[in-house]
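As they're listed, the protein sequences go chains A and B. Just so we're aligned, residue 1 is where the first sequence starts under UniProt numbering, counting upward by one. Just so we're aligned, residue 1 is where the second sequence starts under UniProt numbering, counting upward by one. Structure, as structure tokens:
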Amino acid sequence: MTTKTPLVEMKNISIAFGGVKAVDDVSVDLHEGEVVGLLGHNGAGKSTLIKILSGAYHANAGEIYISGEKAHIANPRDARNYNIETIYQTLALADNLDAASNLFLGREIVTNVGTVDDDAMEAETRKIMGRLNPNFEKFSSPVSALSGGQRQSVAIARAVYFNAKILIMDEPTAALGPHETQMVSELIQQLKSEGIGIFLISHDIHDVMDLCDRASVMKNGKLVGTVNVDEVTDDDLLGMIILGKHPHENKEDA
Amino acid sequence: MKDSAKKFVSNVGIDPRLLGMIGALVVLWVVFDLWTGGRFLTPRNLFNISVQTSSVAIMATGMVFVIVTRHIDLSVGSLLGFIGMSVAALQVHVLPDIVGLGHWSIWIIASVAAVLMGLVIGAAQGWVIGYLTVPAFIVTLGGLLIYRGAMWWVTEGQTVSPLDPNFKLLGGGAEGTLGETLSWAFGLFASFAAVVLIILSRRRKANHGFVVKPVWAEGVLIALAVGLIMGFVWTLNSYPIAKGARARVAEARGLELTDTLSLNHGVAIPVVILLLVTVAMTIVSKRTRFGRYIYATGGNPEAAELSGINTRMLTVKVFALMGALTGISAVVASARLGSVDVGLGTLDELRVIAAAVIGGTALAGGFGTIYGAVIGAAIMQTLQSGMASVGVDAPLQNMVVGFVLVVAVWIDIVYRRKVGV
């Protein structure tokens with residue numbers, strides 16, 4: 001692709017859980033303003049790979065470079081310091097807290113005396129939700145009282161609010177209806193135009209074909225290959241996912 | 001009618017569950033008062049209940065955090081005994097040799113030692129739970145046995161008495177109160193603080209352009225807060241000092257004793273301690289990051305971890321806080337009795353857990369309020385005192401308390417399901 005330094009390079013990443021190699025020598029990368037889809041069956045290692053980037057897991061081997069510099073990501077706090085934000089498939093919301101508390105969890109706005117400023121956080125939450133999901137009104141309810149789409153928009157707001165440069169979205173549309181899926185698609189386009197790099201984990205090929213620039217396919221913990229979405233068909237991708245078969249001879253190493 | 005009542009409550013902005021608990025408490029009071037022919041709702045009895053509630057209620061506020069983070073602490077009763085015995089021995093057998101018998105500093109050293117001891121032991125338990133990942137149930141069950149045994153070794157089973165006279169004031173009693181004047185001042189100060197807080201909160205919300213409650217609702221809230229505080233002080237200020245203690249108390253307060261001198265108890269010092277702890281713990285739970293992380297961890301530990309919260313360290317802090325509060329309770333409980341025997345604190349862990357749970361703390365984690373636990377402790381103490389005063393046998397008392405515990409939690413579950421939280 002481009003010769004510019006990639007925003008993220010994950011090189012030769014491996015991780016094993018009790019002898020099972022969940023991710024085995026996988027390298028992927030991501031450029032500014034690019035959406036890279038991560039495809040594969042359940043258990044292919046997509047989420048595990050991405051949790052290494054977000055700091056939830058620690059790789060046994062391999063290196064991560066952010067904007068060309070070697071990055072040390074030992075925990076989720078480190079990842080956040082590199083402006084890596086993650087929208088987890090499980091959403092990772094504390095169901096008993098309200099939207100504002102979840103949005104700012106771990107990064108609360110505090111007053112001069114160091115107490116959490118709930119009113120200021122609610123005001124900020126109202127602002128960003130006004131942009132992302134104008135119908136959202138339940139600011140004082142715990143998020144357990146929200147619909148799937150509303151919960152998703154809280155998780156998205158949390159990732160977007162803190163000026164992410166690198167955004168990881170793990171199955172962002174799995175729990176959503178058509179209207180909300182459309183909303184997420186538009187959001188991805190918008191973030192992309194702002195220069196944010198996005199890893200989109202999905203097992204829906206159509207999502208990937210519609211939204212992504214490139215797709216990296218994993219199978220049984222190994223990388224099958226990375227392709228430009230424009231140059232492959234649905235069937236090519238399916239072949240990669242199911243059979244682990246690379247469609248082109250000229251495997252590109254962007 | 002029912003709808004308008006609901007609307008009234010939501011307008012004023014009081015948690016319906018708080019109303020339910022206060023309602024239950026008031027119903028119990030009225031029932032026992034009718035049953036005993038007016039001997040229950042007297043200043044004297046309410047004073048005693050307030051003092052007897054303090055020790056368990058102080059610990060219950062800490063137990064809320066422990067249970068909210070999906071843990072349990074079975075060791076608090078034994079720990080209270082161990083700390084109580086240790087600082088009793090300290091002030092009776094050790095400190096008089098160093099600073100002199102009856103020295104003014106003894107109660108301060110003993111109290112600080114109690115809190116520090118609880119803090120360190122609690123932190124150690126929290127470390128085993130958080131970092132070595134041994135379940136809290138097991139760690140604190142071990143603690144229950146260890147501290148009870150350790151308590152015996154402190155004096156080889158001997159009862160320690162008499163405690164330092166100044167130290168004993170921390171347990172209440174005729175002298176261990178604020179006295180009338182200070183009680184009124186305390187009430188006025190608390191009322192003033194409540195009014196200021198309500199007004200400031202409203203102003204802050206208005207500044208952000210949020211919808212604020214109607215002015216009348218704030219007025220009702222202020223009237224309720226001030227009324228409750230001043231009513232409480234007035235009640236305790238109406239309990240006269242017994243004849244035998246008049247001379248002593250008058251001297252302690254620097255008053256000249258005459259036959260017409262009006263001497264009343266006022267707010268007991270352990271109750272003041274409880275109220276300060278309640279306010280501080282409420283601020284911690286609602287207004288600090290630490291408190292926010294406790295609830296977040298209880299609601300979804302994985303999410304808390306992914307948000308960068310160090311949940312292991314949080315566990316250490318929660319148990320350290322529980323230990324420190326147990327230290328405070330140990331001071332209050334031993335000071336109230338004036339002596340410490342090896343039975344001090346026995347079964348307190350169950351009273352404390354029951355108070356937190358009756359007060360709406362969910363064992364599944366994530367939910368629980370400080371004020372709920374304090375009211376829960378008051379409900380338990382009311383039941384116990386009430387049944388004793390109507391002559392219910394001790395075994396039957398325990399059966400009733402056990403039954404109430406189960407029913408209270410069941411009601412809470414039904415309520416939660418209904419409102420969908």
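For glycine and all other residues, C-beta sits at the position ideal for the given N, C-alpha and C.
Just confirm the distance between the C-beta atoms of residue i and residue j, as a whole number of angstroms; I'd bet it's less than 8 angstroms.
i                         : j                        : result
aspartate 98 of chain A   : arginine 204 of chain B  : Not confirmed; about 17 angstroms, so no contact.
valine 392 of chain B     : tryptophan 35 of chain B : Incorrect: roughly 10 angstroms between the Cβ atoms, too far for contact.
alanine 320 of chain B    : leucine 144 of chain B   : Actually they do not touch by this definition, with Cβ atoms about 18 angstroms apart.
methionine 218 of chain A : lysine 46 of chain A     : 6 angstroms
lysine 245 of chain A     : aspartate 24 of chain A  : Not confirmed; about 18 angstroms, so no contact.
alanine 354 of chain B    : leucine 405 of chain B   : 5 angstroms
Within its chain, find whatever has a CB closer than 6 angstroms to the CB of residue i; leave out the 5 residues flanking it on each side and keep chain order.
i                          : result
arginine 80 of chain A     : none
asparagine 250 of chain A  : Per-residue confidence for asparagine 250 of chain A stands at a pLDDT of 47, beneath the threshold of 50, marking its modelled position as unreliable; the derived number appears in the next sentence. Contacts found: none.
phenylalanine 8 of chain B : none
alanine 252 of chain B     : Glu175
glycine 55 of chain A      : Ile73, Asn75, Pro76, Asp78 and Ala79
isoleucine 309 of chain B  : Tyr293
tryptophan 152 of chain B  : Val342
Under 8 angstroms between C-beta atoms, does residue i make it to chain A?
i                            : result
tyrosine 131 of chain B      : no
glycine 360 of chain B       : no
leucine 306 of chain B       : yes
phenylalanine 367 of chain B : yes
alanine 303 of chain B       : yes
histidine 208 of chain B     : yes
tyrosine 239 of chain B      : no
lysine 205 of chain B        : yes
isoleucine 294 of chain B    : no
glycine 299 of chain B       : yes
threonine 288 of chain B     : yes
isoleucine 309 of chain B    : yes
What do you get for residue i, buried or exposed, if any count of 16 or more other CB atoms within 10 angstroms of its CB means buried?
i                           : result
glutamine 125 of chain B    : buried
tryptophan 107 of chain B   : buried
tyrosine 371 of chain B     : buried
proline 135 of chain B      : exposed
phenylalanine 40 of chain B : buried
glutamine 189 of chain A    : exposed
histidine 265 of chain B    : buried
valine 92 of chain B        : buried
aspartate 253 of chain A    : Summary for aspartate 253 of chain A: the model assigns pLDDT 47, below 50, so the residue's position carries little reliability, and this model does not support an answer.
alanine 69 of chain A       : Correcting the residue type first, residue 69 of chain A is glutamate in the shown sequence and not alanine. Exposed.
isoleucine 273 of chain B   : buried
threonine 51 of chain A     : It should be noted that the sequence gives lysine, not threonine, for residue 51 of chain A. Classification of lysine 51 of chain A: buried, given that the 10 Å Cβ count is 16 or more.
threonine 209 of chain B    : Note that residue 209 of chain B corresponds to glycine in the displayed sequence, not to threonine. Flag for glycine 209 of chain B reads exposed.
valine 35 of chain A        : buried
proline 6 of chain A        : buried
proline 270 of chain B      : buried
Can you list, in chain order, the residues of its chain with a C-beta nearer than 8 angstroms to that of residue i? Leave out the 5 residues immediately preceding and following it.
i                        : result
leucine 80 of chain B    : Ser55, Met59, Thr326, Ser329, Ala330, Ala333, Leu344, Gly345 and Asp348
alanine 94 of chain A    : Ser101, Asn102, Leu105 and Val143
asparagine 42 of chain A : His203
glutamate 337 of chain B : Correcting the residue identity first, residue 337 of chain B is leucine in this sequence and not glutamate. Excluding residues within five positions, the ones whose Cβ falls inside 8 angstroms are Gly171 and Leu344.
alanine 113 of chain B   : Ser86, Val87 and Leu90
Within the 8 angstroms Cβ cut-off, does residue i reach chain B?
i                         : result
leucine 223 of chain A    : no
isoleucine 15 of chain A  : no
serine 101 of chain A     : yes
proline 76 of chain A     : yes
glutamate 108 of chain A  : yes
leucine 105 of chain A    : yes
valine 28 of chain A      : no
asparagine 83 of chain A  : no
asparagine 163 of chain A : no
leucine 97 of chain A     : yes
arginine 151 of chain A   : no
tyrosine 88 of chain A    : yes
aspartate 119 of chain A  : yes
Per the DSSP calculation, residue i is bridged to which residue(s)?
i                           : result
lysine 165 of chain A       : According to DSSP, lysine 165 of chain A bridges with nothing at all.
serine 216 of chain A       : A:Leu38 and A:Thr226
phenylalanine 17 of chain A : A:Val20
lysine 70 of chain A        : A:Tyr65
isoleucine 201 of chain A   : A:Leu38 and A:Asp170
proline 240 of chain B      : B:Asn264
leucine 30 of chain A       : A:Val8
Near residue i, which residues of its chain fall below 7 angstroms by C-beta distance, leaving aside the five closest residues on each side in sequence?
i                        : result
threonine 181 of chain A : Thr173
glycine 298 of chain B   : Val68, Thr69, Arg70, Gly365 and Gly366
residue 428 of chain B   : Chain B is shown only over 1 to 421; residue 428 of chain B falls outside these bounds and no answer can be derived.
The ligand HEM and residue i: does any heavy atom of the ligand fall closer than 7 angstroms to the residue's C-beta?
i                         : result
asparagine 112 of chain A : Within the structure as shown, the ligand HEM is missing, as the structure has no ligands at all.
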